[in-house]
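Protein chains in written order, with the working numbering: chain A, 1 to 138; chain B, 139 to 419; chain C, 420 to 528.
These notes are about the structure you will find just below.
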């Protein structure tokens, strides 16, 4: 089957029905981005995403997002069955607009961080993470 | 879409070396204790290798860093859980581990010498066997499953208080026959793939098996928190996994075969620091 | 309620007024993604920590939405400003409605 947006959405819908989950649980990257930016244009600039070039195991991949002026940063794993990863909202007492966590990647793919800056604009950074498959199931 | 994925895969393959030396690095725990992760091979191995190397050197940068700090190390969650169990009364005698042993830190030095010959019992015992002996005969409590959660957590606690101390299992005297039985198993090919432990971990450490970096199969870091299953894994469970991967019927955790194999494999790491709970793939 | 859930946080005991400190948090939680199947082929329902917050004396430091792509035993590291002596409150929200929290006092030198 050709992977068009329509088909992807249909697949998402049927996956939800199978899983018995509410429909809004299936979010495509486009939908997640649209919800975050309200359709605003996304440039590049004040956002960095640090991730390993090769992850030893897709179950636990350390990543860090950092920005000077972000109020909120959303992270997406474009190749995951559910692409949204996390959204960090920085409060009044955040000393930096940076955070680290550990994420799951279903395979080699691009990870994207989109920041909403103080001036209301949006910027993004991406990193390709290669996920290796080990030799031993042990 | 397909072409793109193919290109990525090809990139991934060419980026990975077919053989990779263990990484030069130093494991400093909590910016405090420097662990011995490479050292001269014990005398009994002098014919086959010069140096013994912890599996830590065969792992990636992020994985190595995760083990260097107790907060970053998810294995320490289970050590904390075991610490609570250590101080909790269980069984008919109204005792906890602490009733006899006081603080868990008093157990420093125990992990490095196990498996160990027990004079009274007339057998080589693993740490798990000794823990269950305490539970049954001192506490009047039920035995734990050999590789169950309670047991692996407790062995992680006992390993954690000995971190930095060198593995030092006795292989002579009354332990010698068990050690020799373990050595025999180590070099015996098993399964449809006809692989002995030595084929991967002695003949081919440093080489890649698919995308995985083969280590010497040292067990100084057990129990290990594996990124793969995000929990602590006991040495016998790992032995079982390895033997299963040779497509053989495996021995059971806690079996005489695995007790002997544990003593032998532990002795191959005599001189390396205890690292458990370590982080591995 | 998910079993064996235990929060851990690492916060310095003291700081200078206005100093930036690093905070590390980790909570033991399986973070069942809703993508896995059991031995009988049935989907294991999603059960995750879906939100984490850190506040200091009632002011927010960080508020994080977590999705199923966050690893087992969720780990978060971030920086906070310590304007005065007080207490950090950390809160994790579970899909099943459970709320786990812990707090750490910090003194100002």
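Positions of the beta carbon are idealized from the N, C-alpha and C atoms, including for glycine.
Here the structure is a predicted model, which means the values were calculated and not measured.
CB-CB length for residue i against residue j, believed under 8 Å
| i | j | result |
| --- | --- | --- |
| residue 77/A | residue 111/A | 5 Å |
| residue 178/B | residue 189/B | 6 Å |
| residue 496/C | residue 441/C | 7 Å |
| residue 264/B | residue 417/B | That pair is no contact at about 22 Å. |
| residue 528/C | residue 439/C | About 14 Å separates the two Cβ atoms, so there is no contact after all. |
| residue 448/C | residue 493/C | 6 Å |
| residue 103/A | residue 54/A | So it is not a contact: roughly 15 Å between Cβ atoms. |
| residue 486/C | residue 85/A | 5 Å |
| residue 43/A | residue 121/A | 7 Å |
| residue 90/A | residue 481/C | 6 Å |
| residue 68/A | residue 46/A | 5 Å |
Under 7 Å from the C-beta of residue i: neighbouring residues of chain C
| i | result |
| --- | --- |
| residue 86/A | 483, 484, 485, 486, 489 |
| residue 37/A | Residues of chain C passing the Cβ test: none, with the nearest at roughly 16 Å. |
Exposure of residue i, with buried meaning 16 or more beta-carbon neighbours within 10 Å
| i | result |
| --- | --- |
| residue 249/B | buried |
| residue 172/B | exposed |
| residue 108/A | buried |
| residue 116/A | buried |
| residue 58/A | buried |
| residue 180/B | buried |
| residue 325/B | exposed |
| residue 446/C | buried |
| residue 432/C | exposed |
| residue 24/A | At residue 24/A, the pLDDT of 46 sits below 50, so the modelled position is not reliable; the number obtained from the coordinates is stated separately. That one is exposed. |
| residue 219/B | buried |
| residue 413/B | buried |
| residue 266/B | buried |
| residue 226/B | exposed |
| residue 210/B | buried |
| residue 457/C | exposed |
| residue 133/A | exposed |
| residue 410/B | buried |
| residue 238/B | exposed |
| residue 375/B | buried |
| residue 464/C | exposed |
| residue 394/B | exposed |
| residue 430/C | buried |
| residue 148/B | Bear in mind that the predicted position of residue 148/B carries a pLDDT of just 40, short of 50, making it unreliable; the figure below should be weighed with that in mind. Exposed: under 16 other Cβ atoms inside 10 Å. |
| residue 291/B | buried |
| residue 129/A | buried |
Under 8 Å from the C-beta of residue i: neighbouring residues of chain C
| i | result |
| --- | --- |
| residue 209/B | 427, 429, 443, 445 |
| residue 215/B | 425, 427, 445, 447, 492 |
Of the residues the options, the one placed nearest residue i, counting alpha carbons only
| i | options | result |
| --- | --- | --- |
| residue 252/B | 187/B, 194/B, 373/B, 232/B | 373/B |
| residue 276/B | 378/B, 168/B, 313/B, 230/B | 230/B |
| residue 362/B | 298/B, 346/B, 410/B | 298/B |
| residue 488/C | 443/C, 439/C, 499/C, 452/C | 452/C |
| residue 426/C | 175/B, 333/B, 215/B, 376/B | 215/B |
| residue 50/A | 187/B, 200/B, 192/B | 200/B |
| residue 491/C | 436/C, 464/C, 468/C | 468/C |
| residue 242/B | 232/B, 259/B, 333/B, 223/B | 223/B |
| residue 405/B | 316/B, 375/B, 353/B, 365/B | 316/B |
| residue 208/B | 168/B, 244/B, 323/B | 168/B |
| residue 518/C | 471/C, 436/C, 483/C, 454/C | 471/C |
| residue 93/A | 423/C, 474/C, 450/C | 474/C |
| residue 48/A | 86/A, 99/A, 61/A, 136/A | 99/A |
| residue 364/B | 212/B, 244/B, 292/B | 212/B |
| residue 385/B | 395/B, 332/B, 355/B | 332/B |
| residue 356/B | 217/B, 408/B, 269/B, 198/B | 408/B |
| residue 244/B | 296/B, 183/B, 273/B | 296/B |
| residue 304/B | 174/B, 159/B, 170/B | 174/B |
Under 9 Å from the C-beta of residue i: neighbouring residues of chain C
| i | result |
| --- | --- |
| residue 368/B | 449, 450, 490, 491, 492 |
| residue 101/A | 483, 485, 489, 490, 493, 494, 495, 496 |
| residue 28/A | Under the 9 Å cutoff, chain C gives no residues; its nearest Cβ is about 13 Å from residue 28/A. |
Contacts that residue i makes with chain B (C-beta to C-beta distance below 8 Å)
| i | result |
| --- | --- |
| residue 52/A | 198, 199, 200 |
| residue 56/A | 197, 198, 200, 201, 365, 419 |
Residues that residue i contacts on chain A, provided the C-beta gap is smaller than 7 Å
| i | result |
| --- | --- |
| residue 341/B | In chain order: nothing, as chain A lies at least about 15 Å away. |
| residue 499/C | 93, 94, 95 |
Chain-ordered neighbours of residue i on chain A, where CB pairs are closer than 8 Å
| i | result |
| --- | --- |
| residue 335/B | What residue 335/B touches in chain A: nothing, since even the nearest Cβ is about 12 Å away. |
| residue 439/C | 95, 96 |
Amino acids of chain B, ordered along the chain, whose beta-carbon sits closer than 7 Å to that of residue i
| i | result |
| --- | --- |
| residue 118/A | In chain order: nothing, as chain B lies at least about 31 Å away. |
| residue 81/A | None at all; the shortest Cβ gap to chain B is about 16 Å. |
* Quick one: which unbroken beta strand (DSSP E) runs of 3-plus residues sit fully inside the region 155-185 of chain B? Chain order, please. => 176-178
Worksheet item: Hey, which unbroken runs of the beta strand (DSSP E) at 3 residues or more fall wholly within the region 204-272 of chain B?
Response: 254-256, 261-263
Runs of beta strand (DSSP E) lying entirely within the region 480-511 of chain C, each at least 3 residues, in chain order: 494-501
Those runs of the alpha helix (DSSP H) which lie wholly inside the region 367-404 of chain B and span at least 4 residues = 373-383
- Please go through the region 40-90 of chain A and give each complete beta strand (DSSP E) segment of 3 or more residues, from N-terminal end onward. Scanning the region 40-90 of chain A from its first residue to its last, the whole beta strand (DSSP E) runs of 3-plus residues come out as 48-50, 61-67, 70-77, 84-90.
Which runs of the alpha helix (DSSP H) at least 4 residues long sit entirely within the region 302-333 of chain B? Give them in chain order. Runs of the alpha helix (DSSP H) inside the region 302-333 of chain B: 314-324.
_Entirely enclosed beta strand (DSSP E) segments - the region 442-486 of chain C, minimum 3 residues_ = Runs found: 468-475, 478-485.
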